[in-house]
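Undergrad: With the first letter of the sequence shown counted as 1, position 119 gets the number 119 in full-length UniProt numbering; the numbers rise by one all the way through.
We put the CB at the ideal spot given by N, CA and C, even for glycine.
For clarity, every value in this text was computed on a predicted model and none was experimentally measured.
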Amino acid sequence: MDLKINVEQPVAWGDMDAFGHVNNTVYLKYFESARVKYFDAIPELAGFHGNEIPVLANISCSYKKPVVYPDTLTMKVGVTSLGHASLKMSCEMISPKVGLAAIAECTIVLIDVKKGHSVRVPNEWRAAIEKIEEKTF
């Protein structure tokens with residue numbers, strides 16, 4: 001997969017559970033951090049100022065290999081499809097020790113917080129995402 005943004009994610013000792021590996025719920029926190037860094041990399045989206053915000057509607061995670069402390073992961077994240085009011089993102093978690101550790105797929109819906117419902121992805125957001133992804137959706 002050609003994911004455009006790379007985020008370094010250090011593994012903390014406290015991220016591990018009683019079984020001696022990073023807890024499965026922590027993987028989702030790592031993926032969340034990578035998604036936020038993706039949006040931060042796009043000035044038109046950074047900070048989500050205004051009434052329209054991206055909200056996680058769905059996420060799935062395929063766990064491939066356990067990760068343990070100490071490690072520094074590379075989170076590769078990108079938009080794989082862009083609809084009228086939503087987008088799909090993928091993220092790969094790669095460890096220099098074990099290789100591909102997990103893959104996440106998620107759907108983000110753009111919500112107007114004042115009106116309480118989904119809205120169309122603004123053209124400036126669409127253009128910014130297409131620029132970073134180097135393709136037209």
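#1: Tell me which residues share the same chain as residue 55 and place their Cβ nearer than 6 angstroms to its Cβ, disregarding the 5 neighbours each side in the sequence.
#2: Compare the beta carbon distance of residue 77 and residue 35 with 8 angstroms and say whether it is the shorter of the two.
#3: From this set, 38, 22, 14 and 125, which residue's C-alpha is nearest residue 89's C-alpha?
#4: From residue 225 to residue 103, what does the alpha carbon distance come to, in whole angstroms?
#5: Which of the three DSSP states is assigned to residue 2 in this structure?
#6: With a Cβ-Cβ cutoff of 8 angstroms, do residue 85 and residue 120 count as a contact?
#7: Nearest to residue 94 by CA position, among 79, 106, 130 and 75, is which residue?
#8: Give the range of the beta strand (DSSP E) segment to which residue 124 is assigned.
TA: With the given structure in hand:
#1: Short of 6 angstroms from the beta carbon of residue 55, and not among the five residues preceding or following it, lie these beta carbons of its own chain, in chain order: 109 and 111.
#2: For residue 77 and residue 35, yes; Cβs fall inside 8 angstroms.
#3: For residue 89, the closest C-alpha among the options 38, 22, 14 and 125 is that of 38.
#4: The requested residue 225 does not occur in the structure, where the chain is confined to residues 1 to 137.
#5: Three-state DSSP puts residue 2 in coil, outside helix and strand.
#6: It is a contact, given that the beta carbons lie within the stated cut-off.
#7: Ranking the options by Cα distance to residue 94, first place goes to 75.
#8: Looking at the DSSP string, residue 124 is not in any beta strand (DSSP E); the run it does join, the alpha helix (DSSP H), is 123-133.
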